[in-house]
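In order, the protein sequences belong to chains A and B.
Start counting the first sequence at 4; every next residue gets the next number (the working numbering).
Start counting the second sequence at 237; every next residue gets the next number (the working numbering).
Even for Gly, the Cβ is constructed at its ideal location relative to N, Cα and C.
First up is the structure itself, then whatever we jot down about it.
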Amino acid sequence: MPEGKYCNKTPVNTPEEVNFLLSDTSGNQYYKEMKNLEVDSDLLWATIQKTLKSRLRTWLEICAHCGMCADSCFLYLVNDRDPKQVPAYKIQSTLGEIIKRKGKVDNAFMRHAMEVAWAQCTCCNRCGTYCPHGIDTGIMFGYLRGLLYQQGFVPWEMKIGAGMHRAYRAQMDVTNEDFVETFEWMVEENEEEYIGLTVPVDVENADIMYTVNAREVKHYPEDLAEAAILFHAAGENWTVPSEGWEQTSLAMFAGDWAACKMQVESVYAAMEKLKPKRMIGTECGHAHRATVIEGPYWAGRENGLPPVESIHYVEWLAEALREGKLKIDPSKRIRELVTMQDSCNYVRNQGLKNATREIMSHIVEPGYFVEMSPNKEHNFCCGGGGGFNGIGLFRKQRNKGLEKKRDQILATGAKLVLAPCHNCWDAIRDLEEEFKIGIRWSFLKPIIIKMLVLPDHMKPEE
Amino acid sequence: MHEFLTGIFFWFAITVCLVGMLVRFVLYFRGLSWQLDRVAYKAHPKAGMKGAFRSIYKWLIPYGTYGWRTQPFMAAAFFGFHIGAVVVPLFLSAHNIFLENKVGFSLFTLNAGVADFLTWLAVVCAFFLILRRIVLPEVRILTTLYDYFILFIALAPFLTGLTARYHVGDYSFWLNLHIFCGELLLIAIPFTKMSHVFLFFASRAQLGMDFGIKRGGMKGTKMAW
């Protein structure tokens, strides 16, 4: 049985197909079928020949095998410096081997490669900055994930995630109606406390078009209300699109490049339809990476930029605080040791290290903000990036991976961790559950709302 | 033999090396793809160039990057070896006398003491680089016979050159062997991992452009190499 009912090379495209795959609890049958999945070596080799160009070829060729990447990898460090966790080894023994064998690898090899690609690398790109030759293993693992996805060797949740984007243009089964209704409902829930609160849907030529993470709609709807409150308090002329509102891309974690393109094009279509001055996404790292940093390339935009200027939520927050659009009550600033997680996806991958620190300077009493070490572009992955958080099969490896962040947080002495990224937020929540180190964690929105000086027009009448 | 090595074979080796490097350099940059690499090289040449130069420059400075500083011993062995490996062949006075006779021009030359020092430095540092490959598990797992072969062809001209320089044994034999090893190295450059002598610049420039254009450069953030 080369192609399984659940596990096969065909992408999942419709809600029915997504539900069918979801009906296989924990992917038990899916992984059983994977053991018999045939490798299409001709397709594999043909794809490599078409897509492996000078950058990746040269990287694989000139790697000096010097091992300087070893210490840069948190998974190498937490796994007792296991030499099999050295980034160069991980990529040479998977992608390198597939190329050496011209695609003629067997099922067991592909399943092994799947484990390395999703459980031994979070594509955090840290190693890339420690290689004298400038070899970015994270990028190569992204490429390998694409090859594995094409062959059907992809973790169950990743296949579902990519399928969700194909079926719903969202990472979860949230429809456009669900999104608008949930946003409106959340605003109604809060309009007594915050006078004049609205959610402007599909307004053309607004200053800001706001996009979100579907799990906010499904699991954390208060986040939508918080976004509305802050935009309203800042007096922004903002809108949300009723279609093309999802900024994330689990398809990027899955290596489903066709789905990445479909997803990001839905957001760009909204930009082109509503013509906002700027697009601002929620507090999510990979969503920003997918829609703003990588997305233009999937969509074939030669200038590498989205149709309108697109910034991360932390950039907007920093700007709003700097310009006084949002006012903080100094007596309510954080007065306990607090640290902050730099998200790989917008700090190492877009250099946004100053925006978050500027925000800290507004919301934390001087002397209470403690940096992690290392930090900024050199910070370690939260431990759950690149899809790692969501894969049941690799939960054990992921929990081990959290140890680095746990130790970094413990070393700061802070009990409060701000994590302006959904993935990091999840990983930090899970590490508290796993290790019980007594920390609290938060996005920025709820923290800022607590210390906000509301403009008079928003205050409820006494 | 000496005539052959300093005549036809010299011209052959130098031609293969230079033409080979040029061809591979051009092929490298022609093979870059804005869409596959996801870097808009052509759309933002200025940001790209800035990033490329910065990334090359920082990594050429001993301890100039975070990466070098976190591994001080590796950095010392690396620079000790590479400074000797680049400077001695180019600026040794004997090489330049040869060059002057052959093509009528020569470069600045090192005094003998400095040349000796740099040569020994390269040899000693290479020894530590080899030791590192044997002793450290994270390097041992990566190391293949091919890596030792590359180290061997890089070191052979130094070892034979030193033997000739101190007149150990038959001088003309060691001199010829030295020339032969040097020419072998030149021929190996375009075809083996030795290609890093020029592809280092290509690869670093590429990642520099990536950071300069896409990963923060255009946001005004310099990557902290």
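Each of A/K418, A/F372, A/C66 and A/L434 was checked against the Cα of A/Q400, and the nearest Cα belongs to A/L434. Looking at the backbone, the Cα of A/A120 and that of A/R409 are separated by about 23 Å. Those residues of the segment 374 to 408 of chain B placed with their C-beta closer than 8 Å to a C-beta in chain A are E374, V375, R376, I377, L378, T379, T380 and D383, ordered along the chain.
A distance below 9 Å separates the beta carbons of A/R84 and B/E374. One thing to note: A/E239 has its Cβ no nearer than 9 Å to the Cβ of A/S269.
Assignment of alpha helix (DSSP H) within the segment 343 to 379 of chain B, counting only whole runs of 4 or more residues, yields 348 to 371 and 373 to 376 in chain order.
A distance below 7 Å between beta-carbons, with the five flanking residues on each side excluded, links A/Y9 to the following residues of its chain, in chain order: L24, D27, Q32, Y33 and E36. Around the C-beta of A/N208, fewer than 16 other C-beta atoms lie within 10 Å, and the residue is accordingly described as exposed. When 8 Å is used as the limit between beta carbons, B/F436 is near these residues of chain A: I65, P135 and H136, in chain order.
Here A/V267 has T294, G298, W301 and A302 as same chain residues with Cβ atoms under 6 Å from its own Cβ, once five neighbours each way along the sequence are excluded. For B/D352, the nearest beta carbon of chain A is not closer than 9 Å to its own beta carbon. A/E6 and B/G453 have their alpha carbons spaced roughly 45 Å apart. Here the segment 381 to 392 of chain A lies against the segment 113 to 131 of chain A, with 3 or more beta-carbon pairs under 8 Å apart.
DSSP places A/M454 in no beta strand (DSSP E); its state is neither H nor E.
Distance from A/C263 to A/N216 at the Cβ level is roughly 16 Å; contact not present, criterion being Cβ atoms closer than 8 Å. For the pair B/A321 and A/L78, the Cα-to-Cα distance works out to about 35 Å. Taken in chain order, the whole alpha helix (DSSP H) runs of length 4 or more contained in the segment 148 to 177 of chain A are 159 to 171.
Taking all protein chains in view, the Cβ of A/Y92 is crowded by 16 or more other Cβ atoms within 10 Å, so the residue is classified as buried. Spanning the alpha carbons of A/I101 and A/S346 requires a straight line of approximately 31 Å.
When only Cα atoms are considered, A/G106 and A/L46 end up about 8 Å apart. Secondary structure at A/S445: strand, using DSSP grouped into helix, strand and coil. Residue pairing by DSSP leaves B/F309 without any beta bridge partner. Rounded to the nearest whole angstrom, the CA to CA distance from B/G340 to B/P308 is 42 Å. Residue-level contact by beta carbon fails for A/N82 and chain B, as no gap is shorter than 9 Å. Chain-ordered, the chain A residues with CB closer than 8 Å to the CB of B/H432 read I65, A67 and H136. Residue pairing by DSSP places A/F372 opposite A/V341 in a beta bridge.
Across the set A/S96, A/Q344 and A/I451, the C-alpha of A/I451 shows the shortest separation from the C-alpha of A/S334.
Annotated as distal: A/I65 and B/F289, with beta-carbon spacing of 9 Å or more.
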